[in-house]
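Residue numbers (the numbering used here): 1079 to 1473. Structure record follows, encoded as structure tokens.
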Amino acid sequence: MNYDSKFTTHNIPEISRPDGISEKTKYTFSITYTDQHSMDYAQFAETTRDIIAREGNVLAPYPDPQGDLNLRNLISERLASLRGIKADADSIFISSGAGGAISNLINIFLEPNDTVLVEEFSYSGTLGMLLAKKANIIHVDSDENGILPDSLEEHLAKLKSQNITPKFIYLISVFQNPTGITIPLDRRKAIIELAQKYNVPIIENESYADFRIDGDPLPPAMYGMDDTDSVMYISAYTKFLGCGIRIGYTVVPDIVKEELAKTAYNGMPSQLASMAVFNFLDKHGYKHGLEVEQSIMKKRDAMLTALKENFPDTCEWNKPNGGLMVWLKLPEGANSWDILRSAVDRGVKYNPGGVYRADREKNNYLRLTYSYNTPNEIHEGIKILADVFEKEKLI
Ligand SMILES: Cc1ncc(COP(=O)(O)O)c(C=O)c1O
């Protein structure tokens, strides 16, 4: 069989990737894996076995295209108590991770050449999906509180003058990936007002909301702050319970629900995984949350200490109150993209800043995740990384 010209080029983003990014390394600071050290797999096995013994017969037919009702009810309760969102199970779609939720929304919104606004740095997976759809991606300038309303308005007004209405604004509003930023209440209000004024909906991705460690309580989700159907909400239990379990969800206003329902069966997640997630969260969710918090606090602290011990004052990094990553700024002109290969050869992997930009620029930044390795390994890996950067004259 000759497969020349048979494969579609749609769905594959035209985008460069740094050398070494796909290799396995001992010190993996490049991916937000689930923190395996806080997950009790014996408990997970028990609650999964229990629910299959009790309700296994529901696995025979195809499930509800919106996903397991028990899980949707539980999400509805958790969102009301933790994130200020009032949404009943009917407005919730279970998906294959947050990635599945993003993909489902992109599929109902985007035509080639549509414009989408994202933060100065945004999650690489979403950028890939947008680029595969040939979207015009605009990165909006951001500061330590998230995207700048002035800059957002400037873009929206300019686009309007060109008769372009962006399809949506995509934001990771809590412990942002990759910068760790949480958008405070005032800034949220300002962004929602602009979305309403220019008739551009917001997709709010809260994949890291379950990972608060310390600091101020989280502001409410933007979804609950808006009463004009301007916000769609995405989150997931992927990082909380297991990347291999990969259950996420979307909460949408009725008007979007009707559209999403037309394609929901395409990306239906596993009913078995949904049932397992439901029963574990129902029985042990709160306790697991505390264990995650304790474990990632130790790992975050290990990374911050190791950075302080090994990196010079010419570098800056944030001290996140939650989430799974530290955002590091190297001196101007340093290029972490080109040096990744040398780090990987020494067993350390990170993500260069350009990975979070459609234009692949701003590589004097890099993202370091701390969820995978132990605190000791984090110390070892950061020491090696500093040595690589010193030898390569980045720092
Ligand atoms: C902000 C954000 N959204 C979505 C995803 C994809 O998550 P999932 O594995 O739940 O599909 C990630 C994974 O890193 C992420 O950081």
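Think of the CB as a built atom: it goes at the ideal place given N, C-alpha and C, for glycine as much as any other residue.
Residue i CB to nearest heavy atom of ligand 1 below 8 angstroms
i       : result
Arg1161 : no
Cys1321 : yes
Tyr1286 : yes
Ala1176 : yes
Asn1283 : yes
Gly1400 : no
Asn1344 : no
Thr1328 : no
Lys1427 : no
Asn1255 : yes
Ile1109 : yes
Lys1317 : yes
Arg1324 : yes
Gly1203 : yes
Ile1180 : yes
Ile1269 : no
Ile1225 : no
Ala1314 : yes
Ile1250 : yes
Residue i and residue j closer than 9 angstroms at C-beta
i       : j       : result
Val1136 : Met1353 : yes
His1115 : Thr1452 : yes
Val1194 : Asn1214 : yes
Tyr1286 : Gln1240 : no
Glu1284 : Tyr1315 : no
Val1330 : Phe1171 : yes
Asp1294 : Met1375 : no
Tyr1450 : Phe1199 : no
Asp1166 : Ser1154 : yes
Leu1408 : Asn1429 : no
Leu1402 : Phe1389 : no
Ser1173 : Gly1203 : no
Thr1243 : Tyr1276 : yes
Arg1161 : Leu1296 : yes
Asp1423 : Gly1098 : yes
Pro1298 : Leu1272 : no
Which listed residue (the options) has its alpha carbon closest to that of residue i
i       : options                   : result
Asp1437 : Ser1239, Leu1205, Asp1379 : Leu1205
Asn1182 : Phe1107, Tyr1343, Tyr1301 : Tyr1343
Asn1089 : Ile1460, Met1207, Arg1127 : Met1207
Gly1459 : Pro1398, Ala1384, Gly1258 : Ala1384
Phe1318 : Leu1338, Ala1299, Arg1290 : Arg1290
Ile1456 : Ser1094, Ile1093, Thr1103 : Thr1103
Ile1225 : Ala1210, Lys1386, Ile1250 : Ile1250
Thr1447 : Leu1382, Ser1414, Lys1386 : Leu1382
Ile1473 : Leu1272, Ile1270, Glu1410 : Glu1410
Tyr1105 : Gly1432, Glu1470, Val1426 : Val1426
Any non-hydrogen atom of ligand 2 closer than 8 angstroms to residue i Cβ
i       : result
Phe1187 : You won't find ligand 2 in this model; what it holds is ligand 1.
Buried or exposed (CB count within 10 angstroms, at least 16 for buried), residue i
i       : result
Arg1435 : buried
Phe1085 : exposed
Ala1351 : buried
Ile1333 : exposed
Met1079 : exposed
Thr1110 : buried
Pro1398 : buried
Pro1091 : buried
Asn1454 : exposed
Thr1328 : buried
Please list the segments of the beta strand (DSSP E) lying wholly inside the segment 1309 to 1395, counting only runs of 3 or more residues, in order along the chain. 1309 to 1314, 1325 to 1329
Any chance you could list the beta strand (DSSP E) runs of at least 3 consecutive residues sitting entirely within the segment 1209 to 1270, in chain order? 1214 to 1218, 1246 to 1249
Where are the beta strand (DSSP E) runs, 3 residues long or more, that stay fully inside the segment 1384 to 1454, in chain order? Counting only runs of 3 or more, we get 1403 to 1407, 1443 to 1447.
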